[in-house]
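Asks: Numbering (the numbering used here), first residue to last: 257 to 717.
1) Does the stretch 353-373 come close enough to the stretch 581-600 to have 3 or more Cβ pairs within less than 8 Å?
2) What separation, rounded to the nearest whole angstrom, lies between the Cα atoms of residue 277 and residue 701?
3) Taking only runs of the alpha helix (DSSP H) that begin and end inside the stretch 650-701, which ones reach a length of at least 4 residues, in chain order?
4) Find the nearest neighbour of residue 402 within the set 705, 541 and 713, judged by alpha-carbon distance.
5) Whole alpha helix (DSSP H) runs in the stretch 327-393 with 4 or more residues, listed along the chain?
6) Around the Cβ of residue 343, are there at least 16 other Cβ atoms within 10 angstroms (buried) or fewer (exposed)?
7) Between residue 419 and residue 304, is the Cβ-Cβ spacing less than 8 Å?
8) Using DSSP's beta-bridge definition, name the partner residues of residue 627.
9) According to DSSP, simplified to helix, strand and coil, what is residue 707?
10) Reducing DSSP to helix, strand and coil, say where residue 535 ends up.
11) Less than 7 Å between C-beta atoms, sequence neighbours within five positions excluded: which residues of the same chain meet that for residue 297?
12) Put residue 644 into one of helix, strand or coil per three-state DSSP.
13) How far does the alpha helix (DSSP H) with residue 618 in it reach, from first residue to last?
14) Give me the residue from 302, 526 and 387 with the minimum Cα distance to residue 416.
15) For chain B, is any of its Cβ atoms less than 8 Å away from the one on residue 715?
16) At what residues does the beta strand (DSSP E) containing residue 561 begin and finish?
17) Per DSSP, what kind of secondary structure is residue 529 in: helix, strand or coil?
18) Beta-carbon separation of residue 398 and residue 443 under 8 Å?
19) Any contact of the stretch 383-391 with the stretch 634-646, i.e. 3+ C-beta pairs under 8 Å?
20) Helix, strand or coil, according to DSSP, for residue 312 in the structure here?
21) Measure the beta-carbon distance from residue 309 to residue 327 and round it to whole angstroms, keeping in mind my assumption that it falls under 8 Å.
22) Tell me whether residue 570 sits in a helix, a strand or coil according to DSSP, three-state version.
23) Take residue 368 and list the residues in its own chain whose beta-carbon comes closer than 6 Å to its own, dropping the five residues that flank it on each side.
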């Protein structure tokens with residue numbers, strides 16, 4: 257007979273339910289009912305065992321929407337600078353707008369526009385050989401967030417929470433801060449995973465960070481005590497329905513989502529309120545400073561969520577689509593995020609959180625080596641064939657650059673890394689095998705990396 261201890265070794269709810277179904281003949285009805293009850297009591301957001309020892313417990317994803325220019329910020333190209341003005345088709349090559357500097361003991365090269373980030377160069381790993389499937393914003397964003405540009409698939413954060421559960425039963429496992437309102441919820445959607453794994457949007461790009469909240473967080477019609485009685489009645493009716501009909505595992509997830517929403521009413525306002533932060537922390541993040549207030553508040557909220565046990569936190573910062581005036585545009589964009597991100601890394605390190613928090617930062621693609629426009633109004637077009645993403649924190653080799661693009665910074669040519677490879681590596685650092693983290697839907701097993709993906713072993717500490 258199959259040992260029931262095997263049940264606890266399985267990585268997620270889907271595989272556990274499959275195990276229960278396949279081994280039903282080996283157990284009595286009482287034993288099976290006990291396991292099912294244990295599963296229901298644990299809830300869909302309970303902490304799940306990993307496939308192997310994790311290096312990271314959580315992820316903070318800093319999404320720079322619009323596409324950062326790799327040859328201006330992270331991937332220096334002397335040949336491109338020397339050939340500036342040279343014709344390439346009907347456009348001219350454009351060199352870097354600002355000089356690069358060497359940072360840290362490693363001498364990592366980054367733009368002089370990023371001095372605060374440069375202070376953490378020895379903790380960072382630049383992946384300079386990223387590429388993706390589309391140079392269209394919408395498709396590239398979907399690919400970056402879900403692994404597919406064409407099909408409705410769960411987002412990375414949903415997969416992470418599905419695989420690991422959450423460390424705080426009063427907060428969502430996946431929070432995205434000020435997501436863009438132009439691409440809908442697909443970039444943080446649970447798709448066919450149970451609804452409890454959907455990302456919870458904190459505001460949107462049209463709302464100032466100081467004003468963000470979760471939609472419908474409070475109930476103006478019922479008191480807390482009345483809501484508690486309503487939830488208790490709802491749970492009782494649902495449990496009776498479960499007893500009288502075939503058990504539906506997803507219903508427990510629905511019940512849990514109601515309970516989570518109730519608990520969030522108490523927990524969330526405390527986390528949104530930054531008044532308990534010391535002034536030196538607020539100053540470090542650039543809170544209430546004109547250029548850094550938005551990103552500073554988002555990064556500080558990300559740290560507070562990480563400290564509270566949220567599993568996957570996404571910070572969204574737009575304004576990187578520099579088709580024109582890239583020289584002034586980059587200066588403005590870097591000024592907005594450099595201090596807050598540097599402060600986030602310092603804050604996490606001082607609190608002992610960086611050693612088990614994985615930081616990932618990048619945009620949906622990179623920029624072209626040729627200019628759009630002339631003179632001060634010149635910008636760069638989209639480029640999906642080669643760009644840079646950087647990582648820091650848990651399990652990542654610091655002070656190194658991985659992979660390379662060609663002499664103009666356009667195409668990844670050495671240690672090429674697709675989005676699937678990045679996602680496989682993130683899951684690996686979280687203790688999850690991307691080939692084993694699956695969910696059965698419509699008759700087949702799906703995974704974040706589909707049929708692809710390899711772990712980038714060269715960047716692992």
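By construction, the Cβ of each residue, glycine as well, lies at the ideal position given by its N, Cα and C atoms.
Since the model is a prediction, treat every value here as computed from it, not as a measurement.
Replies: On the basis of the coordinates in this document:
1) yes
2) As a first step, residue 277 must be located in the chain shown, where it is residue number 21. As a first step, residue 701 must be located in the chain shown, where it is residue number 445. Summary for residue 277: the model assigns pLDDT 44, below 50, so the residue's position carries little reliability, and this model does not support an answer.
3) 675-685
4) Looking up residue 402 in the chain shown gives position 146. The shortest Cα separation from residue 402 among 705, 541 and 713 belongs to 705.
5) 334-338 and 371-374
6) Numbered from 1 along the chain shown, position 87 holds the residue referred to as residue 343. It is exposed - the Cβ of residue 343 has fewer than 16 other Cβ atoms within 10 Å.
7) What you label residue 419 is simply residue 163 of the chain shown in a count that begins at 1. What you label residue 304 is simply residue 48 of the chain shown in a count that begins at 1. Closer than 8 Å, so yes.
8) Indexing the chain shown from 1 puts residue 627 at position 371. Paired residues: 636.
9) Position 451 of the chain shown, counting from 1, holds the residue named residue 707. Coil at residue 707, not helix or strand.
10) Sequence index remark: in the chain shown, residue 535 carries index 279 (1-based). Residue state, collapsed to three classes: helix.
11) The sequence position of residue 297 within the chain shown is 41, counting from 1. Note that residue 297 scores 47 on pLDDT, short of 50, meaning its location in the model is unreliable and no value can be drawn from it.
12) Translated into positions along the chain shown, residue 644 becomes position 388. Strand.
13) Walking along the chain shown from the start, residue 618 turns up at place 362. Unbroken run through residue 618 is the beta strand (DSSP E), 613-618; no alpha helix (DSSP H).
14) The residue given as residue 416 occupies position 160 in the chain shown. Nearest of 302, 526 and 387 to residue 416, Cα basis: 302.
15) Looking for chain B here will not work: only one protein chain is present.
16) Numbered from 1 along the chain shown, position 305 holds the residue referred to as residue 561. Counting along the chain, residue 561 falls outside any beta strand (DSSP E), though it belongs to the alpha helix (DSSP H) covering 549-564.
17) Start at 1 with the first residue of the chain shown, and residue 529 comes out as number 273. Correct three-state label for residue 529: coil.
18) Counting from one through the chain shown, the residue named residue 398 turns up at place 142. Counting from one through the chain shown, the residue named residue 443 turns up at place 187. Yes, the Cβ-Cβ distance between residue 398 and residue 443 is below 8 Å.
19) yes
20) On the chain shown, position 56 is the one that residue 312 refers to. In this structure, residue 312 counts as coil in the three-state DSSP scheme.
21) On the chain shown, position 53 is the one that residue 309 refers to. On the chain shown, position 71 is the one that residue 327 refers to. No, residue 309 and residue 327 are not in contact; Cβ-Cβ is about 38 Å, not under 8 Å.
22) On the chain shown, residue 570 is found 314 positions in, with the first residue counted as 1. Strand.
23) Within the chain shown, residue 368 is the residue found at index 112, counting from 1. Once the five neighbours on either side are set aside, the close Cβ partners of residue 368 are 354, 355 and 357.
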